[in-house]
Amino acid sequence: MNELADEDRAIYEWQLDVPGFGEKGQAVLRNSTALVSRAGGLGGPLCFSLAAAGIGKLIIAHAGDLRVDDLNRQILMRSGGVDRPRVESIRKTLAAFNPRIEVEVVPENLSKENVKQLVSGADIAFGAAPLFEERFLLNEACVSKGIPLIDCAMFNLEGHVIPILPGTSPCLACLYPETPPHWKRRFPVIGAVSALAANIGAMEGIKALTGLGETQYGKMIHFDTATMSFQKIVIHRNPECTICASIP
Amino acid sequence: MEVTVQYTGQLAGIAGISEERVSMGGDAVLRDLVEHLCEKHGPAYADLVVNGEGRIRPSTLVILDGEQAIGDSSQLPLENGQTVLLMTPIAGG
Ligand SMILES: [Zn+2]
Numbered sequence: 017m018n019e020l021a022d023e024d025r026a027i028y029e030w031q032l033d034v035p036g037f038g039e040k041g042q043a044v045l046r047n048s049t050a051l052v053s054r055a056g057g058l059g060g061p062l063c064f065s066l067a068a069a070g071i072g073k074l075i076i077a078h079a080g081d082l083r084v085d086d087l088n089r090q091i092l093m094r095s096g097g098v099d100r101p102r103v104e105s106i107r108k109t110l111a112a113f114n115p116r117i118e119v120e121v122v123p124e125n126l127s128k129e130n131v132k133q134l135v136s137g138a139d140i141a142f143g144a145a146p147l148f149e150e151r152f153l154l155n156e157a158c159v160s161k162g163i164p165l166i167d168c169a170m171f172n173l174e175g176h177v178i179p180i181l182p183g184t185s186p187c188l189a190c191l192y193p194e195t196p197p198h199w200k201r202r203f204p205v206i207g208a209v210s211a212l213a214a215n216i217g218a219m220e221g222i223k224a225l226t227g228l229g230e231t232q233y234g235k236m237i238h239f240d241t242a243t244m245s246f247q248k249i250v251i252h253r254n255p256e257c258t259i260c261a262s263i264p
Numbered sequence: 034m035e036v037t038v039q040y041t042g043q044l045a046g047i048a049g050i051s052e053e054r055v056s057m058g059g060d061a062v063l064r065d066l067v068e069h070l071c072e073k074h075g076p077a078y079a080d081l082v083v084n085g086e087g088r089i090r091p092s093t094l095v096i097l098d099g100e101q102a103i104g105d106s107s108q109l110p111l112e113n114g115q116t117v118l119l120m121t122p123i124a125g126g
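Just so you know, the protein sequences line up as chains A and B, in that order. Numbering of the first sequence is given in my numbering, commencing with residue 17 and proceeding in unit increments. Numbering of the second sequence is given in my numbering, commencing with residue 34 and proceeding in unit increments.
In structure tokens, the structure reads:
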């Protein structure tokens, strides 16, 4: 494992003071790679927070060109990048913010063709795609590799985060055995709601990697900003799950 | 008996509320409650919650007092004062 350099200590000084985190936690982050599926309204702030915390490497998969109507929520983007590949804005913003982390951008969304290879290089993955098909692909690949997946989602004024540890806690296919037929690609969104889900997800990921606190495996962390209500829902593995039931 | 029914996601939008109190007979099971709610809130609501055979959709999560009900929950007896949360899946990013 790579040790912390003096410059790391200088940048992360204030979080090295967090009890239970310290130099050991920082070093684990420094040596960790996170795959983020889409860096839009939710994945963007998630990447920002992981970069701020000093993750070693981010692999970010996100296709397409930046549209002007992405800018209410996709905070890694820059208005000068409209009509140009989103990954360009993502790379520039993160490099300007924290040049000490490695960022690999992939101008593709997760697919059957690329998911295995993308997950193979990661210690943890974060699901933030707006389509269940991509989330299920990531779930299957994470279960297969046995790495934690933090699934983060939002809709309107609410959101949820589901930390998944394959073989221990329910996977996404345990919860949703079929592709939800009513979900639509376009959804109502205020960026702050996405960012809230993102930062809950980022903390769950940081905890999963470093052992800080208690990662909420087996729970869905749900919030509704309309009433500012938060709850942790106990969820269960499905003994007939087609993805994870064979893991004891 | 009286139960509190809560909604999230698209279901909350279609029901137009996030919570309601519902009175049911003393021996009511979850299926009775769902049938009552589908009748009350109309076909768009019903389409989200149940499939063509009137069974709760596999992707609609039923949460009873903060814990997910698993398997075929339709015959689960309701309890007075219980909170039944119906969650439709969300994937906004
Ligand atoms: Zn599963």
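Just so you know, even glycine gets a beta-carbon here, dropped at the ideal spot from N, CA and C.
- Put simply, the residues with a CB less than 5 Å from any heavy atom of ligand 1 are A/C187, A/A189, A/C190, A/C257, A/I259 and A/C260, in chain order.
- Assigned with DSSP and collapsed to three states, B/T41 falls in coil, not helix or strand.
- With respect to chain A, the C-beta atom of B/E86 has no partner C-beta closer than 8 Å.
- Annotation for A/G175: the continuous beta strand (DSSP E) segment containing it runs E174 to I180.
- Contact check between the segment 189-196 of chain A and the segment 254-264 of chain A: three or more CB pairs, one atom from each, fall below 8 Å, which counts as touching.
- With its beta carbon at least 8 Å from every one in chain A, B/S106 lies outside the interface.
- Between A/G143 and A/Q90 a beta carbon distance of about 17 Å is seen, past the 8 Å cut, so the two are scored as non-contacting.
- About 7 Å separates the beta carbon of A/G221 from that of A/A50, a gap short enough to meet the 8 Å contact definition.
- Proximity of chain B to A/P146 at the Cβ level (cut-off 7 Å) is accounted for by A124, G125 and G126, in chain order.
- Counted as a single uninterrupted DSSP element, the beta strand (DSSP E) harbouring A/H238 occupies residues K235 to D240.
- For A/G221, no CB of chain B lies under 8 Å from its own CB, so it is not counted at the interface with that chain.
- With contacts defined as CB atoms closer than 8 Å, B/I96 and A/A169 fail to qualify as a contacting pair.
- Considering only beta carbons, the part of the segment 180-201 of chain A lying closer than 7 Å to chain B consists of L191, Y192, P193, E194, P196, H198 and W199, in chain order.
- Under the 8 Å Cβ criterion, the segment 75-84 of chain A counts as touching the segment 96-111 of chain A, having at least three qualifying pairs.
- Per DSSP, the beta-bridge partners of A/G143 are A/S53 and A/D167.
- Closest by C-alpha distance to A/G229, out of A/G36, A/D22, A/L20 and A/N18, is A/G36.
- Assigned with DSSP and collapsed to three states, B/P110 falls in strand.
- Comparing alpha carbon positions, the residue from B/G126, B/G114, B/N113 and B/D105 closest to B/R64 is B/D105.
- With respect to chain B, the C-beta atom of A/V250 has a partner C-beta closer than 8 Å.
- Less than 8 Å separates the beta-carbon of B/T116 from that of B/Q39.
- Of all residues in the segment 47-61 of chain A, those with a C-beta nearer than 8 Å to a C-beta of chain B are R54, G56, G57, L58 and G59, reading in chain order.
- Leaving aside the five residues that flank B/L66 on each side, the residues in its chain whose CB is nearer than 8 Å to its CB run, in chain order, V36, V38, V55, M57, L111 and V117.
- Neighbours of B/P91 across chain A, judged by C-beta separation under 8 Å: Y192, P193 and E194.
- Secondary structure at A/V34: coil, using DSSP grouped into helix, strand and coil.
- For A/M219, the uninterrupted alpha helix (DSSP H) segment begins and ends at G207 to T226.
- For B/Q101, the closest Cβ of chain A is nearer than 8 Å.
- The residues M34 and E35, in chain order, have a CB closer than 7 Å to that of B/N113 in the same chain once the five nearest residues on each side in sequence are set aside.
- Linking A/S136 to B/G59 through their CA atoms gives a straight-line distance of about 54 Å.
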